[in-house]
Amino acid sequence: VERVRRLLGVGTWRPAILTSGDVITIKVALAVTATLHATDYGVDIVRGGDVVEQALPAGVWATVCGLVAFLILAGMAARAHWAVFAGHFLGAVTYLALSVGAFQHAFTQVPPDEWRRGGALLVIAIVHWMFAMRSGPTPITTSSATPTEVVVAPTEQ
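So that you can map any letter, position 83 of the sequence shown is 83 in the working numbering, and since no number is skipped, the others follow by simple counting.
Here is the structure:
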């Protein structure tokens with residue numbers, strides 16, 4: 001049994017270690033996603049099929065999604081922490097609302113269908129929420145930071 005466990009690599013998994021470049025790439029991807037949603041709402045490609053989208057005019061959804069993208073990208077470019085935080089916080093709230101509407105709409109189908117849209121929107125909301133909560137409204141100073149994990153480079157064998 002131990003040989004099989006070793007062969008399968010049981011117990012060797014570790015979470016990925018993200019670099020600053022990885023984090024920047026994810027933030028830009030989230031901003032691009034918000035831009036695409038803003039464009040969809042702005043040119044009325046998206047026809048609100050759920051109660052959340054119907055609660056506001058498409059132009060409002062376009063503006064909110066555009067604001068998410070703008071706050072993140074402009075905040076990163078200007079190195080304005082509060083703007084990036086605000087963009088992620090607004091993104092988390094916006095995409096959570098949109099995912100709730102999409103899931104609600106899925107339940108109106110018989111049998112329930114169209115789960116993919118709600119799931120994708122929920123993933124976007126969670127990633128925005130993680131970035132907002134991990135960064136906080138003000139930058140963490142080096143003197144107030146407490147390491148929670150120490151990562152070392154692998155040695156050559």
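The beta-carbon is built from N, C-alpha and C at its ideal position, and this holds for glycine as well. Note that the coordinates shown come from a computational prediction; the quantities given were computed from them, not determined experimentally.
Residue i - containing alpha helix (DSSP H), residue span
i	result
residue 106	81-108
residue 13	From DSSP, residue 13 is part of no alpha helix (DSSP H); its letter is neither H nor E.
residue 20	20-42
residue 56	Residue 56 -> no alpha helix (DSSP H), and no H or E assigned at all.
residue 136	From DSSP, residue 136 is part of no alpha helix (DSSP H); its letter is neither H nor E.
residue 158	Because the chain spans 1 through 157 in this model, residue 158 falls outside it and cannot be assessed.
residue 4	2-8
Whole-number beta carbon distance between residue j and residue i, since they are thought to touch under 8 Å
i	j	result
residue 68	residue 87	5 Å
residue 91	residue 30	6 Å
residue 49	residue 105	5 Å
residue 58	residue 71	So it is not a contact: roughly 20 Å between Cβ atoms.
residue 139	residue 81	5 Å
Cβ neighbours of residue i in the same chain (closer than 6 Å, five flanking residues each side left out)
i	result
residue 37	65
residue 89	132
Residues near residue i by beta carbon distance below 8 Å, same chain, minus five either side
i	result
residue 97	52
residue 143	none
residue 114	102, 105, 106
residue 11	5
Exposed unless 16 or more other CB atoms sit within 10 angstroms - verdict on residue i
i	result
residue 55	exposed
residue 136	exposed
residue 21	exposed
residue 9	exposed
residue 33	buried
residue 119	exposed
residue 73	buried
is_contact[residue i, chain C] using C-beta, thresh 9 Å
i	result
residue 139	In the displayed structure, chain C is absent; only one protein chain is listed.
7 Å Cβ shell around residue i - same chain, five flanking residues per side excluded
i	result
residue 125	92, 95, 96, 99
residue 61	41, 53
residue 121	95, 98, 99, 102
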